[in-house]
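Residue numbers (the UniProt record's numbering): 1 to 831.
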C-alpha cells in the first residue's frame, strides 16, 4: 500500500564507469529507465564538453535522415522500422560508424540522382519549349513572308509604307522567338511597344499544357512569342527586353526546310530523353524504397545514440583512473535491476572492467518517483498538473481514481449520456494499440491519453443516472411506490388529495414518512417525481444536501490524510496542534451539519419534537448568533420540545470550535520558540564548559521551522490558521457546484427533449429531422460542452477543496534517462 500512495524511496549514488565500457553501460541504463543523471558540469557550455564531437556527428546523421525523409515524402512512400527499433538496444560504436558510412554513401547517391534528374528535366524543358516554338510559329513566318513581299513591291509610295521598313542592306525582316511566363506577357508587350516606338511586330500563342520548373517542380503556364523587327540596333533592344522579363530565346532557322528538319530532330531527342528520365525516376524510386524500409529504425537508433552522448556529457572525467564519474538518483527498491543493467552493459562491451554504483550521503531534496501504468497514468497527471508531490508525502493519485469520476458523475448524472461517453472511451481502450500512433493533433492526444478517465466518468455517470432515475430527461419505472390516476397528472405529490401512498417517501423538507416497505421503489428516485409539479423543488433539496454531505466527507478525509504525512515525517507537533484542532473544528461545525441532514432524512415528521422539520441552514446560523440560548421552537430538531438538549450540544460544539482557533494559532509557535531558547542556553553552557560538539536533540518538526524567528513562525501559522478556518466555510460552499451543475444538466436535457425531440412525434419526416437536431445538440452541448464544464469543476474540487488539506505539492518529478522518453520527445536534454 505504501508504494501506491507514496513515492518511491530514492537513493543518491556515485557511478564509476570505465571509459571503454561507458557507452554500453549508459545504453543499458537507458533501456530500463531507472537512473536520473545529475549534471556534474553545470558551468560548462555544450561546446566545452568531452563528447561534443560525437554529438555533432549525430546532428549530421539527423540532417541526412531529414533529407531522406523529405525525398521519401515527395514520393508518398511509407516509412517503416520505427516500432522494431524502439524495442532494440542502441547500436554499439561499430554500428554507429557503419551507419555513418552508409548514410554518406546514400546521400551522395541521392544527390547524384537528383542532379542528373534535374539536368535531364532542364534539357527536356528546353527541347519541349523549342518543339512548341517550331510547331506554333509556322503561320507567323507565313505572315512575315507576305509582309516582306508587299514591302518590296511598294517601297515608293510613302503613304502605303508598312509599319516595319525593310532593312537597308538585306531588305528582309529579322525576328526573335522564345517562350515567356504567361503572367509576364502584358508588361512585356507594353514595354516592347514603348521602347521600340511601335516598330516591332509581336505575335504570341499560349502553350496548352503547363511546364514544370526543373528546380522547384512548380507548374508554370507559358506562351510562345515571335517578334519581327528591322535593324540590328532594334534587335539588340528587343533581346534586352526579353532578358529583363526572363523570357527564354531559342534559335529558329529562316528556311522552312531547316525548320522541319530541326523539328524532327527535336522530337526524336525528346523521346530519347523521356526514356532516360523514366529509367532515372525508376532508379530513384527503388533507392528511396530501400531507404524507406529502414528509415524509421535509423531515426530511432540515431536518437538513442545522440541521447547516450548527451548523457555522457554529464559525467566527470577522471584522467588518472581512465573512468567517467556521475552522480545519480535511483529508486532503492530497484537497485537489483540497475546492477543487472550495469553487468549487461559491461558484457556488451566485451570488457572485464565493471561499473560500480556507490551510495553517498546527501542533504539535498530527492525527486519524486511514481511508476504508473497506462490506467493510472492519466489520473496521476491530473495531480501533477497542480504540483508534484513533495518527496514521500501522501500521493492523492490513487484516491483520485475513485473520487474524480464520482464527483464528475454527480454533476453529469444521466444514464443515457453516461452510456454514450462510456462507449466512446471503450472504443479507445479496445483499439488503443492501433490508435496509439495516430496523429490527430493535441485535442486527440489529450482525449486518447485520458481514455481510462473518460471510461470511469461514463460508468460512474451511469450509476448516478440510476440514482437520479434520469435517462435523457426521462425516468425508468420498475413499479412506482405511488398510486395515482391519469387525471391527476401533473400534480403536486404532497398536495394531492386522492393520492394513495404505498411507500416511505421524503417530503419537501427532506422528511421521511412511513409507508409500506414492501412497495418501496427498488433503487434511486421514484419515477413518479418525473411527472410531478414540484419535481424541481424536491430534486433541489435532495441534491443540495447531498453535495454538502459529499463535500464535508471529502474534506474530512483530506484532513485525515494529513495525519499520515505527520506520522511518516515524525512531526508530532503537527499532529497535536494542527491535525487534532483541524479535525475538531471541521467536525463540530460542518460534521454536525451532515449528521443533522442524515437525522432529518431518517426521522418521520411525527417524531420531531414539535411536529415540524426545521430549516438546517437557519439552525446552523442560530447556533452562533444565539449562543447560550435554546433554539426557537420551530428550529428544534431533537431532544425535548424546548430544545434544551439541542442548545447545550450546540453550545458545546461552538466552544470547542472557537477554542481550536487559538490552539492552531499559538501552541505550535510557542513550543518551537521554547525549544529554540532551550537549545541556545544549552549551547552557551557547552561553550562555557569548552564543549563545542553538536546537539543530539531529535528535531521532530520539519521544514526548518526551528531555524526561523518567532515572528516568521507566527506569521506563517496565522496564515495557515486563517486559510483553514475560512476555507472550511468557502470550500463547503464550493461543493454546492455539484448541485448547481447537476440541476443545470438535467434541466438542459429536459429542454432539448420537450422543445426539440417531442415536437417530431407528429410525423416520420419531422421525427427524423427532430432526432437529427436533438442528437447533434445532445452530443455537442450536453456531452462535450457540459462534460468539459463538469470535468473542470471536478478538477477544481480536487485541487483546491481536497488537496489543500494535506498536499504540499512542492516536489519535482523523477526524470530518469529512458529511451522511451527520448523517443516521445519528453527528454529535453537528449532531444
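Built from N, CA and C at the ideal position, the CB exists for glycine as well.
Item: Delimiting residues of the beta strand (DSSP E) encompassing residue 329; Value: 323-331
Item: Status (buried if at least 16 other CB within 10 Å, exposed otherwise) for residue 663; Value: buried
Item: DSSP state of residue 643 mapped onto helix, strand, coil; Value: coil
Item: Presumed contact (8 Å Cβ cut-off) between residue 224 and residue 137, rounded CB distance; Value: 7 Å
Item: Completely contained alpha helix (DSSP H) runs for the segment 323-402, where each covers 4 or more residues; Value: 335-349, 377-386
Item: Three-state secondary structure assigned by DSSP to residue 222; Value: strand
Item: Per DSSP, the bridge partner or partners of residue 318; Value: 323
Item: Distance, residue 600 Cα to residue 637 Cα; Value: 8 Å
Item: Closest residue to residue 333 among 767, 353, 418, 12 (Cα-Cα distance); Value: 12
Item: Rounded separation between residue 193 and residue 174 - CA only; Value: 17 Å
Item: Integer Cβ distance of residue 113 from residue 284, believed to fall under 8 Å; Value: 5 Å
Item: Completely contained alpha helix (DSSP H) runs for the segment 730-763, where each covers 4 or more residues; Value: 737-752
Item: Rounded straight-line distance, which links the Cα of residue 303 to that of residue 525; Value: 59 Å
Item: Own chain residues within Cβ distance below 6 Å of residue 361, not counting five before or after; Value: none
Item: Length at least 4, wholly inside the segment 1-62: the alpha helix (DSSP H) runs in chain order; Value: 2-5, 22-32
Item: Cβ contact (3+ pairs, closer than 8 Å) linking the segment 803-821 and the segment 298-312; Value: yes
Item: Best match in 452, 180, 195 for proximity to residue 226 [C-alpha to C-alpha]; Value: 180
Item: Those residues which DSSP pairs with residue 202 across a bridge; Value: 227
Item: Residue range of the unbroken alpha helix (DSSP H) whose run includes residue 790; Value: 786-796
Item: Residues of its chain near residue 826, where Cβ-Cβ distance is below 7 Å and the 5 sequence neighbours each way are ignored; Value: none
Item: Spatial distance of residue 624 from residue 535 (CA atoms); Value: 33 Å
Item: Residue range of the unbroken alpha helix (DSSP H) whose run includes residue 113; Value: 93-136
Item: Boundaries of the alpha helix (DSSP H) in which residue 618 is found, first to last residue; Value: 616-625
Item: When 794, 205, 615, 127 are compared against residue 182, the one with the closest alpha-carbon; Value: 205
Item: Which of helix, strand or coil DSSP assigns to residue 474; Value: strand
Item: Length of the line joining the Cα atoms of residue 19 and residue 347; Value: 14 Å
Item: Test item: CB-CB of residue 229 and residue 238 under 7 Å; Value: yes
Item: Residue 129 burial status per 10 Å Cβ neighbour count (16 or more: buried); Value: buried
Item: Spatial neighbours of residue 5 in its chain, beta-carbon cut-off 7 Å, leaving aside the 5 residues before and after; Value: 394, 395, 398
Item: Whole alpha helix (DSSP H) elements within the segment 531-606, 4-residue minimum; Value: 535-568, 580-586, 592-602
Item: Counted within 10 angstroms of its Cβ, other Cβ atoms place residue 606 as buried (16 or more) or exposed; Value: exposed
Item: Option nearest residue 313 by Cα separation, candidates 288, 108, 583, 22; Value: 22
Item: DSSP state of residue 818 mapped onto helix, strand, coil; Value: coil
Item: Cβ distance (whole Å) where residue 119 is taken to contact residue 355 below 8 Å; Value: That pair is no contact at about 55 Å.
Item: Proximity of residue 55 and residue 309 at Cβ, strictly below 7 Å; Value: yes
Item: Cβ distance (whole Å) where residue 109 is taken to contact residue 287 below 8 Å; Value: 6 Å
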